[in-house]
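Participant: Below: one structure in structure tokens.
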Amino acid sequence: MKSFYVIANPHANLGKSQKDWEQIQKYLDEHAVDYRAAETSVAGDAQANIQAFLKNLDYADYEKYVVLVIGGNGTLNEVLTGIKEADVHDLPLAFICTSNHHQFADQLGIAPNPLVALKQILNATEAVQYSLIQYYESNHEETGYFLDNYSIGMAANLANLRSREHHHWLRTHCRWLANVIDICKAYYNSADAFSATLRIGHKYKFYKRAFIVNLQNRTQESDFSNNDQPIEITIVDRVNIFLFLIFVATRKFGDPTKLPFVHHWRTDNLHITVNSLEQTQVDCRELGGKYNDLYLKLINYPFWINADSVSLEERRKK
């Protein structure tokens with residue numbers, strides 16, 4: 047059996063991740079699983095922890111360890127970025143998602159219940175390659191990655207707002223109202239439209255009233271009809287609040303791409319430029335206001351999971 051280096055974010059999901067981490071730790075101890083663990087306190091800890099671990103890891107142990115991440119997409123993204131930046135060895139990643147944003151975990155077939163997800167990891171006997179998106183940001187000459195999505199504009203503003211929200215009681219007892227309040231705040235905080243330029247293949251597309259730019263990784267979805275075009279791009283024009291709420295409702299109950307102010311494509315590579323300072327987030331990680339000049343492409347990375355080793359009933363267990 048593999049040994050595990052565990053990076054746990056007990057602060058994920060408004061601190062509810064702490065309970066999940068305690069259950070997992072108890073299971074690992076009771077079943078004599080070989081592991082070392084580090085907890086994160088602030089943004090950047092996960093990346094620093096994995097880089098320190100890799101720095102001190104002997105060459106002979108490269109095939110021994112799997113990195114188990116317990117937290118949200120942001121924590122997993124930090125660990126992945128830390129591994130790639132260290133450029134030592136691509137240790138397989140295992141993931142137990144303890145946040146509310148579990149689209150990427152769902153695509154990989156990871157169970158929402160942390161102990162069932164742990165069984166899927168412990169039952170694995172080999173790594174499985176999954177596709178992620180690598181981006182090169184030419185303004186800052188930096189390379190990054192995203193597992194689920196990269197957002198610019200109002201959607202990033204909304205994600206940043208929710209990470210700092212104070213109406214925890216309202217989100218627990220009346221989630222729909224909390225969502226409406228957050229969406230309205232983000233809408234009015236993102237007052238100005240911005241210009242975005244896309245290059246898909248040899249064709250350029252120009253948008254002068256962009257309000258939301260969202261890049262999504264669709265490589266793991268169950269519908270493989272578009273598997274050769276796994277990067278999904280959605281641009282939403284700035285519209286009044288009433289049309290915007292129609293867009294929000296259509297996202298939940300219909301197909302928003304049919305709306306005239308929503309522009310949608312799928313591709314396997316992309317160049318996108320936003321030459322104004324806009325709120326940006328990647329996999330729920332805040333990047334703040336920045337200029338974006340992105341070149342995107344697909345890469346593969348090893349994940350340690352056997353999703354089919356538990357029954358469908360167990361996988362659906364909350």
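If you count by the numbering used here, then the sequence shown holds residues 47 to 364, one letter each, in order.
In this text, a Cβ means the ideal position worked out from N, Cα and C, and glycines have one as well.
Predicted, not measured: the structure shown is a model, and the values here were computed from it.
1) Tell me where the alpha helix (DSSP H) around A94 begins and ends.
2) If I measure Cβ to Cβ from N321 and keep anything under 7 Å in the same chain, skipping five residues before and after, which residues do I get?
3) Based on the DSSP secondary-structure assignment, which residues constitute the bridge partners of T121?
4) Apart from the five residues on each side of it in sequence, which residues of its chain come closer than 6 Å, Cβ to Cβ, to V259?
5) Using a Cβ-Cβ cut-off of 8 Å (strictly less than) and excluding sequence neighbours within five positions of D104, which residues of its own chain qualify?
6) My parser needs the beta strand (DSSP E) runs of 3 or more residues fully inside the stretch 121-165; what are they?
7) What first and last residue would you give for the alpha helix (DSSP H) that runs through R297?
8) Is the beta carbon of I277 less than 8 Å from the beta carbon of L261?
9) Could you give the distance in angstroms between the alpha-carbon of I335 and the alpha-carbon of A202?
10) For F50, tell me which candidate among L244, D75 and F192 has the shortest Cα-Cα distance.
11) Answer with yes or no whether the minimum CB distance from S197 to chain D is below 8 Å.
12) Quick one: what's got a C-beta closer than 6 Å to D365's C-beta in the same chain, skipping five residues either side?
13) What residue range does the beta strand (DSSP E) around D339 cover?
14) Have a look at N55, D133 and K343 and flag the residue whose alpha-carbon is nearest the alpha-carbon of L122.
15) When the distance is taken between beta carbons, is E131 closer than 8 Å to L340?
16) Within the chosen definition, does the stretch 172-191 reach the stretch 297-312 through at least 3 CB pairs nearer than 8 Å?
17) Among residues of its own chain, excluding the 5 on either side of R255, which ones have a beta-carbon nearer than 6 Å to its beta-carbon?
18) Compute the Euclidean distance between the alpha carbons of E360 and A157, then round it to the nearest angstrom.
19) Output the boundary residues of the beta strand (DSSP E) element that contains S63.
20) Assign L342 to one of two classes, buried (16 or more other C-beta atoms within 10 Å of its C-beta) or exposed (fewer than that).
21) In whole angstroms, what is the alpha-carbon distance linking T326 and R312?
22) With a CB to CB cut of under 6 Å and the five nearest residues on each side skipped, what residues in its chain are close to T189?
23) Under the assumption that N346 contacts N263 (Cβ atoms under 8 Å), give the Cβ distance between them as a whole number of angstroms.
24) Should I372 and V174 be called a contact, given that it needs their Cβ atoms to be closer than 8 Å?
25) V294 and I229 look like a contact to me (Cβ under 8 Å); what is the Cβ gap, rounded to whole Å?
Facilitator: With the structure as the only source:
1) D91 to K101 is the extent of the alpha helix (DSSP H) around A94.
2) S241 and Y337
3) Per DSSP, none; premise fails for T121.
4) Around V259: I198, G199, A242 and I281.
5) none
6) Entirely contained in the stretch 121-165, the beta strand (DSSP E) runs reaching 3 residues are, in chain order, 139-143.
7) Residues I287 to F299.
8) yes
9) In the sequence as displayed, the identity of residue 335 is Gly instead of Ile. Approximately 10 Å between the Cα atoms of the pair.
10) D75
11) The structure shown contains no chain D, having only a single protein chain.
12) This structure cannot settle anything about residue 365, because the visible part of the chain is limited to 47 through 364.
13) R331 to F349
14) N55
15) no
16) no
17) A239, D283 and R284
18) 8 Å
19) Element bounds for S63: not the beta strand (DSSP E) but the alpha helix (DSSP H), S63 to E76.
20) Buried, because 16 or more other Cβ atoms sit within 10 Å of the Cβ of L342.
21) 21 Å
22) Y182
23) Actually they are not in contact, since the Cβ atoms of N346 and N263 sit about 12 Å apart, beyond 8 Å.
24) The requested residue 372 does not occur in the structure, where the chain is confined to residues 47 to 364.
25) 6 Å
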